[in-house]
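Residue numbers (mature numbering (1 follows the signal peptide of the UniProt record, and there is no 0)): -23 to -1, 1 to 550.
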């Protein structure tokens, strides 16, 4: 009779073979080049992938290896970021410019290759150079590996819903003009659903400009909602229908029933929608959540249509429109963001780490930078200065000679410093509006300052909004990791009282969190992935201003916890 340890060995061997057999190599080619499109009464040249907006959707299973050959035929530098992918020991493929690689120059190419491990759900890919992601983006959908199921009933169909933002201008010119003048950039002209603005905008009444999807009555659909907009959080509703949230940022949640979803730039939300209404046509619509007071924004609405099969023509010609929240409806935004919880014991669920190695209290917000020489007040920002942004009074500046990851791997000095502080250098009343233009606090030095962390250390970070210029909800994205969102609140974080609110049982798990306007969010993660990982505001208006930092995570003690050398074709600076 076989010994018990022998049976265990063969069981593990068979499981490993089954896992290997179910994994595949999924290969794509991206041709990034100019594309001429008609939108909002204008003919515009944009940068796009494979001639489409959005770009091609990538479908993989957990455990697959993804290989994407990127040919940069555009006139701009380019990188592609695989938003939310852990990149375990493949940090060279993460994509942010000058963090993990130098850009792919016009006329050049690079192949991204990485294995998708321990993740399933909706993620996405996008350009990570300047504002190119406005039109260079697409869905990255990870299904369970063969033999595994969703932790909810299988939907009838799956529908990607990519929310975007459109300018009647070249987005690179819009950004460059703002950086040159020091002012805020021009607002967008429209929002889009799957690349189409919808019929509320000028010159958009032709049905081709409105995203439409036919549904069957009595079926359940999985909507994979992605906010690919550059600078605006968006409320999303479907007229007459409830939605059940089942995942956020490719992490399963306890089912949460709602009639409105809020998605910040960078975030994804998976919802189940059952077509339980009378046959007809129902608008899906998205409009902005703009939390900063007295700041201009694109206050318009995009919409698409769900049309029931066999719906009467009279109903189809007059779709129902949902009542969307007001643009400044912070109670609705906070209710949605704070009521999500993770699915304990679900696929790839990870409990909250309890031992904390690094306690960080990090302020986030806007600020000012000098216009030039002392006394020069001719820039376009407040008080004639330049708009800036910072974390803990350090305004992040990208290197240009070498990426941070290359400098870390090859031990090159002079590219970055490891002096990012664990707390603000000066304590003050962070959310007091009287500090909005405090000249002693509002100017932050430009530097490439990172936080160095030991392998496997647990980091707890409280992200604190500030009132500099204006309080605002900041969607903060961490590359290379998910984190547990322990709690969120308003005002200044109080460790004595607010720690009692921490959910250590089933907090939501995310890669991007909207720090509440005039408030705070507490997150925790385990740094078990060596490399260089940027954390930044996913409002592209703020990233170039310096609202970022990076974690440099040291190698572990074994080969399986050590970053391998870079690929031979990694772009050079």
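Each residue gets a CB set at the ideal place from its N, CA and C atoms; glycine is no exception.
Residue i (DSSP reduced to helix, strand or coil)
{"i": "residue 69", "result": "helix"}
{"i": "residue 447", "result": "coil"}
{"i": "residue 149", "result": "helix"}
{"i": "residue 158", "result": "helix"}
{"i": "residue 381", "result": "helix"}
{"i": "residue -22", "result": "For residue -22, the predicted structure reports a pLDDT of 46, less than 50, and the residue's modelled location is therefore unreliable. A value from the coordinates is still provided. Looking at residue -22 - three-state DSSP - the assignment turns out to be coil, as it is neither helix nor strand."}
{"i": "residue 187", "result": "coil"}
{"i": "residue 24", "result": "strand"}
{"i": "residue 472", "result": "helix"}
{"i": "residue 293", "result": "helix"}
{"i": "residue 137", "result": "strand"}
{"i": "residue 429", "result": "strand"}
{"i": "residue 478", "result": "helix"}
{"i": "residue 387", "result": "helix"}
{"i": "residue 412", "result": "helix"}
{"i": "residue 265", "result": "strand"}
{"i": "residue 455", "result": "strand"}
{"i": "residue 522", "result": "helix"}
{"i": "residue 165", "result": "coil"}
{"i": "residue 538", "result": "helix"}
{"i": "residue 421", "result": "coil"}
{"i": "residue 250", "result": "strand"}
Euclidean distance between Cα positions of residue i and residue j
{"i": "residue 307", "j": "residue 106", "result": "31 Å"}
{"i": "residue 155", "j": "residue 67", "result": "35 Å"}
{"i": "residue 13", "j": "residue 350", "result": "42 Å"}
{"i": "residue 496", "j": "residue 451", "result": "10 Å"}
{"i": "residue 276", "j": "residue 331", "result": "43 Å"}
{"i": "residue -6", "j": "residue 126", "result": "Only weak support is given to the placement of residue -6: the predicted model assigns it a pLDDT of 47, under 50, and the value that follows is read from those uncertain coordinates. Using only the alpha carbons, I get a separation of about 16 Å."}
{"i": "residue 458", "j": "residue 60", "result": "10 Å"}
{"i": "residue 236", "j": "residue 215", "result": "8 Å"}
{"i": "residue 555", "j": "residue 481", "result": "Since the first residue of the chain shown is -23 and the last is 550, residue 555 is not available in this structure."}
{"i": "residue 221", "j": "residue 233", "result": "5 Å"}
{"i": "residue 299", "j": "residue 188", "result": "16 Å"}
{"i": "residue 453", "j": "residue 291", "result": "45 Å"}
{"i": "residue 385", "j": "residue 509", "result": "8 Å"}
{"i": "residue 441", "j": "residue 516", "result": "16 Å"}
{"i": "residue 143", "j": "residue 473", "result": "45 Å"}
{"i": "residue 54", "j": "residue 195", "result": "48 Å"}
{"i": "residue 182", "j": "residue 134", "result": "28 Å"}
{"i": "residue 456", "j": "residue 92", "result": "16 Å"}
{"i": "residue 109", "j": "residue 77", "result": "18 Å"}
{"i": "residue 225", "j": "residue 218", "result": "20 Å"}
{"i": "residue 122", "j": "residue 9", "result": "30 Å"}
{"i": "residue 511", "j": "residue 73", "result": "8 Å"}
{"i": "residue 206", "j": "residue 309", "result": "20 Å"}
{"i": "residue 296", "j": "residue 132", "result": "24 Å"}
Beta-carbon contacts of residue i that lie in its chain and below 8 Å, excluding the five residues immediately before and after
{"i": "residue 240", "result": "140, 202, 203, 204, 210, 211, 213, 246"}
{"i": "residue 44", "result": "2, 3, 4, 5, 88, 89, 90"}
{"i": "residue 402", "result": "369, 370"}
{"i": "residue 34", "result": "115, 116, 117, 118, 137"}
{"i": "residue 447", "result": "269, 270, 271, 272, 343, 413"}
{"i": "residue 288", "result": "256, 257, 258"}
{"i": "residue 286", "result": "191, 192, 193, 194, 256"}
Below-8 Å beta-carbon distance, residue i vs any chain B residue
{"i": "residue 118", "result": "Note that chain B does not occur in the displayed structure, where there is just one protein chain."}
Own chain, CB closer than 6 Å to residue i, minus 5 neighbours either side, in chain order
{"i": "residue 337", "result": "399, 438"}
{"i": "residue 200", "result": "136, 138, 248, 250"}
{"i": "residue 375", "result": "75"}
{"i": "residue 22", "result": "11, 13"}
{"i": "residue 19", "result": "145"}
{"i": "residue 392", "result": "376, 379, 384"}
{"i": "residue 95", "result": "325"}
{"i": "residue -1", "result": "40, 41"}
{"i": "residue 478", "result": "464"}
Contact set for residue i: own chain, Cβ-Cβ below 7 Å, skip 5 residues either direction
{"i": "residue 311", "result": "493"}
{"i": "residue 128", "result": "229, 320, 323, 324"}
{"i": "residue 503", "result": "330, 433, 435"}
task = Inspect the CB distances between the region 49 to 59 and the region 80 to 97 and report whether three or more fall short of 8 Å.
result = Cβ pair count under 8 Å is three or more, so yes.
key: Inside the region 298 to 378 only - beta strand (DSSP E) runs reaching at least 3 residues   = Fully enclosed beta strand (DSSP E) runs of 3 or longer: 335 to 346, 363 to 368.
ask   = Which residue spans inside the region 481 to 506 form an unbroken beta strand (DSSP E) run of at least 3?
value = Correct list: 489 to 492, 496 to 504.
query = Going along the chain, which unbroken runs of the beta strand (DSSP E) with 3 or more residues stay wholly within the region 49 to 127?
reply = Those beta strand (DSSP E) runs which fall completely within the region 49 to 127 and span 3+ residues are 57 to 60, 86 to 92, 98 to 104, 114 to 120.
ask   = Does the region 423 to 432 come close enough to the region 520 to 533 to have 3 or more Cβ pairs within less than 8 Å?
value = With three or more CB-CB distances shorter than 8 Å, the region 423 to 432 counts as touching the region 520 to 533.
message = Is it the case that the region 259 to 266 contacts the region 148 to 166, given that we only count it when at least three CB pairs across the two stretches are under 8 Å?
response = No, the region 148 to 166 does not touch the region 259 to 266.
ask   = Is the region 413 to 427 close to the region 356 to 370, with three or more CB pairs under 8 Å?
value = Touching, yes, given that three or more Cβ pairs across the two stretches are closer than 8 Å.
ask   = Which parts of the region 170 to 244 are runs of the beta strand (DSSP E), unbroken and 3 residues or longer, counting only runs that do not cross its ends?
value = Runs of the beta strand (DSSP E) inside the region 170 to 244: 189 to 192, 197 to 204, 210 to 215, 220 to 225, 228 to 235, 238 to 240.
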